[in-house]
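Data block below; observations after.
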Amino acid sequence: MMTKEVLRQLLRPGGGVAFLGGAAILYGITCFLLGDFAAYWQPVPQSIPSRQLLAYLSAGLLVLGGAGLLIPRTIRAAAMILLLLFALYDVCYLLKLIGPPASPVALLGLAEQTSVVVGSWAVLLRMRAGGSAGVTTARIVFGICSIVFALAHFTGLQATAKMVPAWMPGGQVFWAIATGVGHLAVGLSLIANRIAVLATRLGGLMYICFALFSWLPGAVTHPTEWLLWAGVAISLCMAAALWLVGDLLAARNARNPNFDSGFSIGAESRRRRHESMY
925 MMTKEVLRQL LRPGGGVAFL GGAAILYGIT CFLLGDFAAY WQPVPQSIPS RQLLAYLSAG
985 LLVLGGAGLL IPRTIRAAAM ILLLLFALYD VCYLLKLIGP PASPVALLGL AEQTSVVVGS
1045 WAVLLRMRAG GSAGVTTARI VFGICSIVFA LAHFTGLQAT AKMVPAWMPG GQVFWAIATG
1105 VGHLAVGLSL IANRIAVLAT RLGGLMYICF ALFSWLPGAV THPTEWLLWA GVAISLCMAA
1165 ALWLVGDLLA ARNARNPNFD SGFSIGAESR RRRHESMY
């Protein structure tokens, strides 16, 4: 009975907005302390004018967008800020991808940023009437991103294995393969729309494990290495984005009228809508 209740709670919509808000705030703070763009996830060209000023602006917008998601009246604006910001990071990766010289490894970074774009978009889709085509697009695009993550694990197996703590039973290569299979399963589930909500929950928990086991130990032992903290934060942003896709799908599946009507409904309905976003 307890297992059924846990599963029922996991399949309900909710929690993703606050999750992404907290993760974005952490990401912004770490980037601000870094004093630069987080190179692994924000490949802004060194030649761009006023680069450091733009880095601080980017960090500030991450904090602003994250904080806005925690306030019911500013959720829409905050989601748009984060969507546009991560879309700009996407543009940087796209430029690296197409070159010259072309850099195929940039495809992974492109997928990582796109996943958060989709998560931010999922917030907006839940607040908008109708839009079944948008929901389908968000689901499939995140599924494609997950498949890219899986391919990155398989093609860079040794590099991925080094991210796994040596103390974990089974060995580092085993967990590199297992998590790659997990990404693949999430991607196929989303694209096929089969047990998709459950896949987003389990996939989100996997991303949280990446933050806790791959990034957090190094960040704790080297507390001023802000790039490590950024790794924790971006992993949590991606986990939150996947959770938000699950929230969107769960809300649509339940055909909850709070998610299908516009903001022109009464104040009580608006209050319920905002509460359900958390």
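In this text, residue positions in the sequence shown follow the working numbering: the first is 925, and each later residue adds one.
Note that CB positions come from ideal geometry on N, CA and C, so glycine has one too.
Please read these numbers as outputs of a predicted model, since none were measured by experiment.
Using a threshold of 7 angstroms, state whether the C-beta atoms of residue i and residue j are closer than that.
| i | j | result |
| --- | --- | --- |
| residue 1046 | residue 1156 | no |
| residue 1107 | residue 1056 | no |
| residue 1013 | residue 976 | no |
| residue 949 | residue 987 | yes |
| residue 1166 | residue 1128 | yes |
| residue 1121 | residue 1178 | no |
| residue 1137 | residue 1159 | no |
| residue 1215 | residue 1171 | Here the chain comprises residues numbered 925 to 1202, so residue 1215 is not present and cannot be evaluated. |
| residue 981 | residue 1164 | no |
| residue 1085 | residue 1100 | yes |
| residue 1005 | residue 1018 | no |
| residue 1059 | residue 932 | no |
With H, G and I counted as helix, E and B as strand and the rest as coil, what does DSSP make of residue i?
| i | result |
| --- | --- |
| residue 964 | coil |
| residue 1149 | coil |
| residue 1029 | coil |
| residue 1052 | coil |
| residue 929 | helix |
| residue 1119 | coil |
| residue 1111 | helix |
| residue 1167 | helix |
| residue 1091 | coil |
| residue 1141 | helix |
| residue 1080 | coil |
| residue 1023 | coil |
| residue 1181 | Low local confidence applies: a pLDDT of 44 at residue 1181 is under 50, so the model's placement there is unreliable, with the coordinate-based value given in what follows. Helix at residue 1181. |
For residue i, collect the residues of the same chain with a Cβ closer than 6 angstroms to its Cβ; drop the 5 residues on either side in sequence, then sort them by chain order.
| i | result |
| --- | --- |
| residue 960 | 979 |
| residue 1032 | 1076 |
| residue 1067 | 1111, 1114 and 1115 |
| residue 1063 | 1114 |
| residue 934 | 1125 |
| residue 1002 | 989, 992 and 993 |
| residue 1089 | 1137 |
Under 8 angstroms Cβ to Cβ from residue i, same chain only, skipping five residues before and after it: list those, please.
| i | result |
| --- | --- |
| residue 1119 | 1113 |
| residue 1146 | 1152 |
| residue 972 | 978 |
For residue i, which residues from the same chain have a beta carbon less than 7 angstroms from its beta carbon, with the 5 sequence-adjacent residues on both sides left out?
| i | result |
| --- | --- |
| residue 946 | 990 |
| residue 1130 | 1103 and 1106 |
| residue 983 | 952, 955 and 956 |
| residue 1162 | 1036, 1039, 1040 and 1131 |
| residue 962 | 955, 1151 and 1154 |
| residue 1092 | 1099 |
| residue 1027 | 1020 and 1021 |
| residue 915 | The question about residue 915 has no answer, for the chain in this structure spans 925 to 1202. |
So residue i packs on residue j, CB below 8 angstroms; how close in whole Å?
| i | j | result |
| --- | --- | --- |
| residue 894 | residue 1081 | An answer regarding residue 894 cannot be provided, because it is not within the stretch 925 to 1202 covered by the chain. |
| residue 1151 | residue 958 | 6 angstroms |
| residue 1010 | residue 1037 | 5 angstroms |
| residue 1016 | residue 968 | 6 angstroms |
- Mind pulling the alpha helix (DSSP H) runs of 4 or more residues that sit fully within the region 935-1019? 940-958 and 975-993
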